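A.B. asks:
Number of protein chains: 2
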Amino acid sequence: MAAPLTGVVPVVPTIFHDDETVDLGGTALVVDYLMDAGADGLCLLANYSEQFSLTDGERDALARALLERVAGRLPVIVTTSHYSARVAATRSRAAQDMGAAMVMVMPPFFGATLTVPGPAVIEYFKQVADAIDIPVMVQDAPLSPTPLPVSLLVDLVNQVPQVHAKIEVPQAADKLHALASALGDSLPGPFDGEESVTLIPDLDAGARGTMPSSMVPAELGQIVAIWPVTGPAR
Amino acid sequence: MAAPLTGVVPVVPTIFHDDETVDLGGTALVVDYLMDAGADGLCLLANYSEQFSLTDGERDALARALLERVAGRLPVIVTTSHYSARVAATRSRAAQDMGAAMVMVMPPFFGATLTVPGPAVIEYFKQVADAIDIPVMVQDAPLSPTPLPVSLLVDLVNQVPQVHAKIEVPQAADKLHALASALGDSLPGPFDGEESVTLIPDLDAGARGTMPSSMVPAELGQIVAIWPVTGPAR
Chain A
1 MAAPLTGVVP VVPTIFHDDE TVDLGGTALV VDYLMDAGAD GLCLLANYSE QFSLTDGERD
61 ALARALLERV AGRLPVIVTT SHYSARVAAT RSRAAQDMGA AMVMVMPPFF GATLTVPGPA
121 VIEYFKQVAD AIDIPVMVQD APLSPTPLPV SLLVDLVNQV PQVHAKIEVP QAADKLHALA
181 SALGDSLPGP FDGEESVTLI PDLDAGARGT MPSSMVPAEL GQIVAIWPVT GPAR
Chain B
1 MAAPLTGVVP VVPTIFHDDE TVDLGGTALV VDYLMDAGAD GLCLLANYSE QFSLTDGERD
61 ALARALLERV AGRLPVIVTT SHYSARVAAT RSRAAQDMGA AMVMVMPPFF GATLTVPGPA
121 VIEYFKQVAD AIDIPVMVQD APLSPTPLPV SLLVDLVNQV PQVHAKIEVP QAADKLHALA
181 SALGDSLPGP FDGEESVTLI PDLDAGARGT MPSSMVPAEL GQIVAIWPVT GPAR
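Protein chains in written order, with our numbering: chain A, 1 to 234; chain B, 1 to 234.
(1) Counting only Cβ pairs nearer than 7 angstroms, list the residues of chain A close to B:Thr113.
(2) For A:Gln139, write down the residues that DSSP places opposite it in a beta bridge.
(3) Quick one: residues in its chain with C-beta nearer than 6 angstroms to the C-beta of A:Ala259, no 5 flanking neighbours on either side, listed in chain order?
(4) Is any beta-carbon of chain B found at less than 7 angstroms from that of A:Glu20?
(5) Starting from A:Met104, follow its DSSP beta bridges and name the residues at the other end.
(6) So, is the C-beta of A:Thr55 closer than 7 angstroms to a C-beta in chain B?
(7) In this structure, does DSSP put A:Leu45 in helix, strand or coil?
(8) In whole angstroms, what separates the C-alpha of B:Ala173 from that of B:Leu179?
(9) DSSP state of B:Asp18, grouped into three classes?
(10) B:Phe110 touches chain D at which residues, Cβ-Cβ below 8 angstroms?
(11) Starting from the C-beta of B:Thr6, find all residues in its chain whose C-beta is less than 6 angstroms away, skip the five residues before and the five after it, and write them out in chain order.
(12) So for B:Gly26, helix, strand or coil by DSSP?
(13) Do B:Pro135 and B:Met300 have their beta-carbon atoms positioned less than 7 angstroms apart in this structure?
(14) Could you list the residues in the segment 73-95 of chain A with a C-beta less than 7 angstroms from some C-beta on chain B, going in chain order?
(15) Can you tell me which residues form a DSSP beta bridge with A:Val8?
(16) When the Cα of A:Ile122 is compared with those of A:Ala46, A:Val157, A:Leu187 and A:Leu66, which residue comes out closest?
(17) Measure the CB-CB distance between B:Pro10 and B:Leu34 and report whether it falls below 7 angstroms.
(18) Between the Cα of A:Gly193 and those of A:Ile167, A:Gly111, A:Ala225 and A:Phe16, spot the shortest distance and give me the residue it belongs to.
(19) How many Å lie between A:Val154 and A:Ala165 at the Cα?
(20) Looking at the structure shown, is A:Phe125 part of a helix, part of a strand, or coil, going by DSSP?
(21) Tell me the DSSP secondary structure of A:Met114 in three-state form.
(22) If we call anything under 7 angstroms between Cβ atoms a contact, is B:Asp202 one with B:Val169?
(23) Would you identify the three-state DSSP class for A:Asp204, choosing helix, strand or coil?
(24) Between the segment 54-67 of chain B and the segment 45-64 of chain A, are three or more C-beta pairs nearer than 8 angstroms?
(25) Cβ of A:Ser92 within 6 angstroms of any heavy atom in the ligand NAP?
(26) From A:Ala63 to A:Asp130, what does the alpha carbon distance come to, in whole angstroms?
(27) Tell me whether A:His82 is buried or exposed, calling it buried when 16 or more other Cβ atoms sit within 10 Å of its Cβ.
(28) So, at 6 angstroms on beta carbons, what are the nonlocal neighbours of B:Ser92 in its own chain, with the 5 sequence-adjacent residues on each side left out?
(29) Reducing DSSP to helix, strand and coil, say where A:Phe52 ends up.
(30) Given this structure, state the Cα-to-Cα distance separating A:Leu305 from B:Ala28, to the nearest angstrom.
(31) CB-CB under 7 angstroms to B:Trp227, same chain, minus the five flanking residues each way: which ones, in chain order?
(32) In the DSSP assignment, what residue or residues form a beta bridge with A:Thr191?
(33) Beta-carbon within less than 6 angstroms of A:Val138's beta-carbon, same chain only, minus the 5 sequence neighbours each way: which residues are those?
(34) Using the Cβ count rule (16 or more neighbours within 10 Å means buried), how would you classify B:Ser186?
(35) Tell me the rounded alpha-carbon separation between B:Leu114 and A:Phe110.
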């Protein structure tokens with residue numbers, strides 16, 4: 001991508017058959033709908049895609065089929081999160097080779113209690129970034145018990161220039177404002193998420209894009225497009 | 001297994017090479033050590049095995065290689081947890097076909113916040129149990145944010161007779177005592193876990209086995225073997 005990704009980048013839900021197997025054709029129809037709605041990009045295999053319900057083989061098949069369906073018409077972000085930096089890096093390289101414009105990765109965690117300290121989080125994202133040439137969207141979401149305080153995100157962006165960020169924790173606008181103030185243009189985007197429920201304050205705080213589900217992408221895209229860029233000086 | 005599994009059933013750690021790939025040969029040596037130490041059974045791919053650091057293919061290769069190494073000399077429990085009941089059932093069937101004597105499964109959850117209500121937990125374990133003929137050890141561990149209160153575990157055992165249980169949450173002895181009192185012999189075992197740090201009170205409360213890591217299996221096995229059966233009437 002020449003210019004940083006901005007605008008509305010919906011998450012593509014995975015469609016399942018009644019027996020809970022993946023409906024690749026049905027999922028491709030959702031991609032068609034989101035492109036018709038004017039999405040600026042698409043995100044695959046995120047939590048709204050129920051990525052935690054899929055086998056490794058199904059993740060791979062979905063990413064491949066949906067990237068083929070998009071056929072380069074829009075930038076596509078593929079979520080490649082895994083507890084192991086080795087596995088996340090391998091998944092990220094495979095996504096790039098399939099045509100992804102960016103990968104999205106949560107910090108490493110498992111369950112409610114297994115967390116990773118800040119320096120290891122930075123090493124994790126270095127290992128992922130070193131495996132690819134495309135950007136890495138760090139996903140800061142309430143599902144992860146591994147915390148990403150502003151100070152850690154600032155260190156991460158300074159040490160791993162490929163990093164972009166999606167902030168969807170409580171008080172997202174405060175965090176976006178702090179990041180935009182500290183990092184300016186060295187943090188491209190940033191995005192909010194969490195159904196865009198705090199979109200207006202997030203845009204005012206410096207967000208340049210939003211990653212909602214697939215419900216009202218056209219309307220959300222129009223808001224991002226017309227909203228004046230009024231965040232911290234960039 | 002003719003008789004219910006009791007005693008010490010250590011979790012086999014996964015051995016990794018320096019580049020973080022799986023060392024199958026090294027892991028097989030740990031199996032040899034645990035059998036030499038007199039373990040009553042072995043558990044594969046649990047959280048102490050760092051199962052969250054593995055790909056699906058690596059899980060499969062480890063289970064296959066280690067079951068071949070044991071060669072039927074001991075009962076082997078294979079952990080087959082996955083958020084999706086469909087995937088957990090498929091993994092469990094594959095484990096049975098490879099020679100597992102039991103599978104171990106956590107309730108479905110993802111991250112710190114995505115939990116599943118009680119009736120869906122029962123449906124989940126029904127779907128897993130229906131796919132296999134061997135028992136299912138329900139793992140009640142602090143890593144899971146999906147709660148398993150005593151009342152739910154009692155309903156689960158009553159509705160899914162294949163269920164065994166490993167209790168390793170805080171106040172494990174209280175929970176084991178409540179389960180043993182309510183269920184008696186219809187809950188075979190039960191086991192504690194969490195490094196056997198509360199083994200004595202857990203045995204007094206009705207535990208009949210312990211699932212520690214691989215550090216002192218011989219010593220823990222001797223304690224379980226000599227401890228008088230003093231729990232609630234069974």
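Note that beta-carbon positions come from the ideal geometry of N, C-alpha and C, so glycine has one too.
In this text the structure is predicted, and so the values were computed from the model without any measurement.
C.D. replies: According to the structure data:
(1) The residue labelled residue 113 of chain B in the question sits at position 113 within the second sequence. Neighbours of B:Thr113 on chain A, chain order: Pro142 and Leu143.
(2) The residue you call residue 139 of chain A lines up with position 139 of the first sequence. The partner list for A:Gln139 (beta bridge, DSSP) reads A:Lys166.
(3) In the structure displayed, chain A extends from 1 to 234; residue 259 of chain A sits before or after that span and is not available.
(4) Taking the first sequence and counting its residues from 1, the one referred to as residue 20 of chain A is at position 20. Yes, its Cβ sits closer than 7 angstroms to a Cβ of chain B.
(5) Reading the first sequence from its first residue, position 104 is the one you call residue 104 of chain A. A:Met104 pairs with A:Thr79 and A:Met137.
(6) Here residue 55 of chain A is taken as the residue at index 55 of the first sequence, counted from 1. By this cut-off, A:Thr55 is an interface position.
(7) As a first step, residue 45 of chain A is located in the first sequence; it is residue number 45 there, counting from the start. If DSSP states are grouped into helix, strand and coil, A:Leu45 belongs with coil.
(8) As a working note, residue 173 of chain B is residue 173 in the second sequence. As a working note, residue 179 of chain B is residue 179 in the second sequence. Straight-line Cα distance between these residues: approximately 10 angstroms.
(9) Within the second sequence, numbered from 1, the residue matching residue 18 of chain B stands at position 18. Of the three classes helix, strand and coil, the one that applies to B:Asp18 here is coil, per DSSP.
(10) Within the model displayed, chain D is absent; protein chains A and B are what it includes.
(11) Translated into positions along the second sequence, residue 6 of chain B becomes position 6. Once the five neighbours on either side are set aside, the close Cβ partners of B:Thr6 are Arg208 and Gly209.
(12) Position 26 of the second sequence, counted from the start, is the residue given in the question as residue 26 of chain B. B:Gly26 falls in the helix class under three-state DSSP.
(13) As shown, chain B starts at 1 and ends at 234. That puts residue 300 of chain B outside it, with no answer to give.
(14) Tyr83, Ser84, Arg86 and Val87
(15) As a first step, residue 8 of chain A is located in the first sequence; it is residue number 8 there, counting from the start. In DSSP, A:Val8 forms a bridge with A:Thr210.
(16) By one-based count along the first sequence, residue 122 of chain A stands at place 122. Among A:Ala46, A:Val157, A:Leu187 and A:Leu66, the Cα nearest to that of A:Ile122 is on A:Val157.
(17) Working through the second sequence from its first residue, we reach residue 10 of chain B at position 10. Working through the second sequence from its first residue, we reach residue 34 of chain B at position 34. Yes, they are a contact pair.
(18) Residue 193 of chain A sits at position 193 when you count from the first residue of the first sequence. Residue A:Ile167 is the option with its Cα nearest to A:Gly193.
(19) On the first sequence, position 154 is the one that residue 154 of chain A refers to. On the first sequence, position 165 is the one that residue 165 of chain A refers to. Straight-line Cα distance between these residues: approximately 11 angstroms.
(20) Mapped onto the first sequence, residue 125 of chain A falls at position 125. Note: A:Phe125 maps to helix in three-state DSSP.
(21) The residue given as residue 114 of chain A occupies position 114 in the first sequence. Reading the sequence as shown, one finds Leu at residue 114 of chain A and not Met. Correct three-state label for A:Leu114: strand.
(22) Start at 1 with the first residue of the second sequence, and residue 202 of chain B comes out as number 202. Start at 1 with the first residue of the second sequence, and residue 169 of chain B comes out as number 169. No, these two residues do not count as a Cβ contact at 7 angstroms.
(23) Walking along the first sequence from the start, residue 204 of chain A turns up at place 204. It is helical.
(24) yes
(25) Absent from the structure shown: the ligand NAP. Ligands present: none.
(26) Here residue 63 of chain A is taken as the residue at index 63 of the first sequence, counted from 1. Here residue 130 of chain A is taken as the residue at index 130 of the first sequence, counted from 1. The alpha-carbon atoms of A:Ala63 and A:Asp130 are separated by roughly 21 angstroms.
(27) Taking the first residue of the first sequence as 1, we reach residue 82 of chain A at position 82. By the neighbour-count rule (16 or more Cβ atoms within 10 Å), A:His82 is buried.
(28) On the second sequence, residue 92 of chain B is found 92 positions in, with the first residue counted as 1. Same-chain partners within the cutoff: Thr80, Val103, Val128, Ala131 and Ile132.
(29) Counting from 1 along the first sequence, the entry for residue 52 of chain A is found at position 52. Helix at A:Phe52.
(30) Only positions 1 to 234 of chain A appear in the structure, and residue 305 of chain A is not among them; the question remains open.
(31) If you number the second sequence from 1, residue 227 of chain B lands on position 227. Cβ neighbours of B:Trp227 beyond the five flanking positions: Leu203.
(32) Taking the first sequence and counting its residues from 1, the one referred to as residue 191 of chain A is at position 191. According to the sequence shown, residue 191 of chain A is Phe rather than Thr. BP columns for A:Phe191 point to A:Lys166 and A:Gly209.
(33) Counting from 1 along the first sequence, the entry for residue 138 of chain A is found at position 138. Counting only Cβ-Cβ distances below 6 angstroms, and skipping sequence neighbours, we find Val163 and Ala165.
(34) Here residue 186 of chain B corresponds to residue number 186 of the second sequence, with the count starting at 1. Answer is exposed; the Cβ neighbour count stays below 16.
(35) If you number the second sequence from 1, residue 114 of chain B lands on position 114. If you number the first sequence from 1, residue 110 of chain A lands on position 110. In a straight line, the C-alpha of B:Leu114 is about 12 angstroms away from that of A:Phe110.
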